[in-house]
Amino acid sequence: MPDAIFSHPRLAPVYDAFDGERDDLTAYLDIVEELGADQVLDVGCGTGSLAVLLAERGRTVVGVDPAEASLEIARSKDRAASITWVHGDATAVQGLGADLAVMTGNVAQVFLTDDDWTRTLQGIHAALRPHGHFVFETRRPERRAWEDWAADPAPIVLDVPGSGPVEQRLEVTDVSLPLVSFRHTYRFLSDGAVVTSDSTLRFRGREEVESSLVAHGFRVLDVREAADRPGREFVFVSERTT
Numbered sequence: 001m002p003d004a005i006f007s008h009p010r011l012a013p014v015y016d017a018f019d020g021e022r023d024d025l026t027a028y029l030d031i032v033e034e035l036g037a038d039q040v041l042d043v044g045c046g047t048g049s050l051a052v053l054l055a056e057r058g059r060t061v062v063g064v065d066p067a068e069a070s071l072e073i074a075r076s077k078d079r080a081a082s083i084t085w086v087h088g089d090a091t092a093v094q095g096l097g098a099d100l101a102v103m104t105g106n107v108a109q110v111f112l113t114d115d116d117w118t119r120t121l122q123g124i125h126a127a128l129r130p131h132g133h134f135v136f137e138t139r140r141p142e143r144r145a146w147e148d149w150a151a152d153p154a155p156i157v158l159d160v161p162g163s164g165p166v167e168q169r170l171e172v173t174d175v176s177l178p179l180v181s182f183r184h185t186y187r188f189l190s191d192g193a194v195v196t197s198d199s200t201l202r203f204r205g206r207e208e209v210e211s212s213l214v215a216h217g218f219r220v221l222d223v224r225e226a227a228d229r230p231g232r233e234f235v236f237v238s239e240r241t242t
């Protein structure tokens, strides 16, 4: 089940505002060009930020996400109705024949169990054409990002169109590696409503990720730095081996 931050009808509309400028997407646009991908599958597309940019550049795009509230935001951005939006997970788009599947925003970390990760890799493998590519990012465990999150507990207040002023607080609630849990609390200052979202991420090391890719029919072509966050994340570039 998707976290409330993506699926709650009051939180999904404010997600983009607090997510800030998506400088990370430039690297993905460049990778799409580099690989010559025409049909792109955006797994965990969320509010559609990357999918819309790709469609504007003439790509055929399918966005899949389990959070209907986020998909509603994504559809509202797709004014030309040129993108196929699918409510579900990676197993919902098997047989698509995509040239490239991507997962941005560290979506890879939401799959907490080995079974969940395996099912996702199998679904993506089945959605790609033979020798299609799969590119995604994940935070480097040794960077210990949760310590940065815990060190800055100050609230953020933004004036969000359609919602008014909203206060966001972040609290790290548990560190039991490889799992890290945290809570976002949102207070809508216009009416005093408070909505919380509890999340857990799994921090997989480079060797674990590479081994899992190979075990499920992928070849790792490259492991890169995230251009906008050097030293913080791995970007895996892989290819379906059949």
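Each residue of the sequence shown is one higher than the last, beginning at 1 in the UniProt record's numbering. Just so you know, even glycine gets a beta-carbon here, dropped at the ideal spot from N, CA and C.
Residue nearest to F6 in terms of C-alpha spacing, selected from E56, R59, E68, H125: Checking every option, the nearest Cα to that of F6 belongs to E68.
Anticipated Cβ contact below 8 angstroms, V43 with I124, distance rounded: So it is a contact: roughly 6 angstroms between Cβ atoms.
Presumed contact (8 angstroms Cβ cut-off) between V235 and V135, rounded CB distance: Contact flag correct, Cβ pair sits at about 7 angstroms.
Residue nearest to residue 277 in terms of C-alpha spacing, selected from D16, G95, R229: In the structure displayed, the chain extends from 1 to 242; residue 277 sits before or after that span and is not available.
Expected contact under 8 angstroms - CB spacing of D152 and D23 to nearest Å: Wrong, their Cβ atoms sit about 19 angstroms apart, outside the cutoff.
Per-residue DSSP class, three states only, for E21: Looking at E21 - three-state DSSP - the assignment turns out to be coil, as it is neither helix nor strand.
Residues bridged to W85 [DSSP beta-bridge criterion]: The partner list for W85 (beta bridge, DSSP) reads G63.
Within 8 angstroms, strictly: CB atoms of A74 and A55: Contact: no.
Alpha carbon of W85 to alpha carbon of S76, nearest angstrom: If you draw a straight line from the Cα of W85 to the Cα of S76, it comes to about 11 angstroms.
The beta strand (DSSP E) enclosing V157, as first and last residue numbers: Per DSSP, V157 belongs to the beta strand (DSSP E) from 156-160.
L100 beta carbon less than 8 angstroms from that of V32: Contact: yes.
The alpha helix (DSSP H) enclosing H125, as first and last residue numbers: Membership of H125 in the alpha helix (DSSP H) is indicated by the continuous run 114-127.
Reference T113, options S238, F203, A12, closest by Cα: Nearest in C-alpha terms to T113, of all of S238, F203, A12, is F203.
Collapsed DSSP secondary structure at T26 in the structure displayed: In the structure shown, T26 sits in a helix (DSSP, three-state: H, G or I).
Close-in-space but distant-in-sequence residues of the same chain around R143 (CB under 6 angstroms, 5 per side omitted): Cβ within range, chain order: R232.
Rounded separation between E72 and S199 - CA only: When rounded, the distance between both Cα atoms is 21 angstroms.
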